[in-house]
Amino acid sequence: MAVAARNAAYDMGLRRSRALPLPSLGVGNLAVGGTGKTPVTGYLARELVRRGLRPGIVLRGYGGDEEREHAAAVPEAIVVADPDRQAAAVRAAAAGAEVLVLDDCLQRRDVAVDVMVAVVAAETWSGWRLPLPAGAWREGAGALGRADAVLVTCKTAATAEGEALATRLAPRTRGALGITVRLAPAGFHPLGAREPVGPEVVRGRDVVALCAIGEPELFAAQLERLDARVTLAAFGDHHAYAGADVAAARARAGVAGLVVTTAKDAVKLNQMWPAGNPQCLVMELEVRPAGTVAALDALLDRVAAAARATTNPEAAAPPSRPS
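If you're matching positions, the sequence shown starts at 7 in the working numbering and goes up one per residue.
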């Protein structure tokens, strides 16, 4: 009800969105969590880095876990957490950001975002989509009308299923664009270290999947697809781990087992995990665009061009014709 009332106030002009200091790309979702929004945000920020820009990642900040996750995943970015998104954007611009990537902002209409991407998980779209507090949905499909594109993530769902959903939802967006990506385990690394370990490390092993994320069952399912024998130890999203949580996970794994966690959880567990067995590994998720990437590239190029025009108008301007 509160979200609907707030949206109505903006739609009727009773409230106005504030301008941001730089060209911006927003990422948001309709559900509370579990769509893969955070790794998608990091992927889009890295794509802007690849286009020669320094992004500022702006987010509300829930206990600092997503802020630290972004800083680790995109070291070139300026990461600013503040409930006041405009104030955070101003700070990012002052620190040298050339373009903004706003994490979790589909419902934050107090700022005007240039390009909005709504993230939807293929695994959770079907079935009952009950709104908060009865369910996990902030808004219904009508919110896609505020997005330029819908991006469907597939963790365990077939790529074809995600592409079909993207095709079905695309006309609901103002840009009529549908994009599908796979969120696939790229490998692991030990907690507190960066040495990569291949997916085969969990094959045939007893694994405790320790996480505090939305849709933890999908995390467990991804490990099971790597032939791990998984016991799920899940806490509520943004849970603040205590020493007892770590001790319980270690006891469940035993000396010969493994504990596997997510990148989001790793930033909280890093200073808490004792040396020795059982080892704790961090699963690295890779965003892999499915099918053609033309639509996604077009959105990123649009934001990048606007950023170059803002930071270096002469370089962005087309060459003058000879008289």
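Backbone N, C-alpha and C fix where the C-beta goes; we use that ideal spot for every residue, glycine too.
Query                                                                                                       : Result
Three-way DSSP call (helix, strand, coil) for Leu65 in this model                                           : strand
Length of the line joining the Cα atoms of Arg209 and Leu224                                                : 17 Å
Check whether Ala215 and Ala226 have beta carbons under 7 Å apart                                           : yes
Burial state of Met18, where buried means 16 or more other Cβ atoms lie within 10 Å                         : exposed
Cβ neighbour criterion (16 or more within 10 Å) applied to Asp110                                           : buried
DSSP-derived helix/strand/coil call for Ala37                                                               : strand
Glu82, buried or exposed, once every other Cβ within 10 Å from all chains shown has been counted against 16 : exposed
Nearest-angstrom Cα separation, counted from Ala259 out to Val25                                            : This sequence places Ala at residue 25; Val is not what is there. Taking the straight line from one Cα to the other gives about 50 Å.
Span separating the alpha-carbon of Ala176 from that of Val261                                              : 49 Å
Top-ranked residue by Cα proximity to Arg211, from Leu232, Pro196 and Leu197                                : Leu232
Proximity of Thr41 and Thr159 at Cβ, strictly below 7 Å                                                     : yes
For Asp212, three-class secondary structure by DSSP                                                         : strand
Residue from Gly297, Leu112, Glu104 and Gly282 whose Cα sits closest to the Cα of Ser23                     : Leu112
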